[in-house]
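K.L.:
Sharing a structure with you now.
In this note's numbering, the protein residues as written are 73 to 184.
Rendered as structure tokens:
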């Protein structure tokens, strides 16, 4: 369970990073649009987190099984981010902190 939460948290942060690179969601998250430089940074951070999630998945088992696992986790992460941006846009910064905390705790339990 802690492995799922770790991958989910990493992928969720990746999708939030990608959403931060889109002008529509920048207004929801930050209240204004970001500069082109910051948009590129947000995009790179988002793709970096998604790649990290894939690497973590593939390091735990057979590549074919874990890629399928990763795609399944991506589905949950994308749905969570979409619902949060739709219904809880004013709370998104607290949600990011909560997801980061869940990821950190899951990392600790995965190591133990």
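We put the beta carbon where it would ideally sit given N, CA and C, even for glycine.
Predicted model, so just to flag it, every value in this text is computed and none were measured.
1) Does the Cβ-Cβ distance between residue 80 and residue 173 come in under 8 Å?
2) Find the nearest neighbour of residue 142 within the set 83, 178 and 152, judged by alpha-carbon distance.
3) What first and last residue would you give for the alpha helix (DSSP H) that runs through residue 147?
4) Could you please give the first and the last residue of the uninterrupted alpha helix (DSSP H) stretch that includes residue 84?
5) Going along the chain, which residues of its own chain have a beta-carbon closer than 7 Å to the beta-carbon of residue 99, five neighbours each way excluded?
6) Does the beta-carbon distance from residue 155 to residue 91 come in below 8 Å?
7) Ends of the alpha helix (DSSP H) at residue 193?
8) Suppose you measure from the CA of residue 76 to the CA of residue 109; what does that come to, to the nearest Å?
9) Ends of the alpha helix (DSSP H) at residue 185?
P.N.:
With the structure as the only source:
1) no
2) The residue from 83, 178 and 152 with its alpha-carbon nearest to that of residue 142 is 83.
3) 135 to 159
4) Start and end: 74 to 92.
5) 105
6) no
7) Since the first residue of the chain shown is 73 and the last is 184, residue 193 is not available in this structure.
8) Straight-line Cα distance between these residues: approximately 33 Å.
9) Residue 185 lies beyond the range of the chain shown here (73 to 184); nothing can be said about it.
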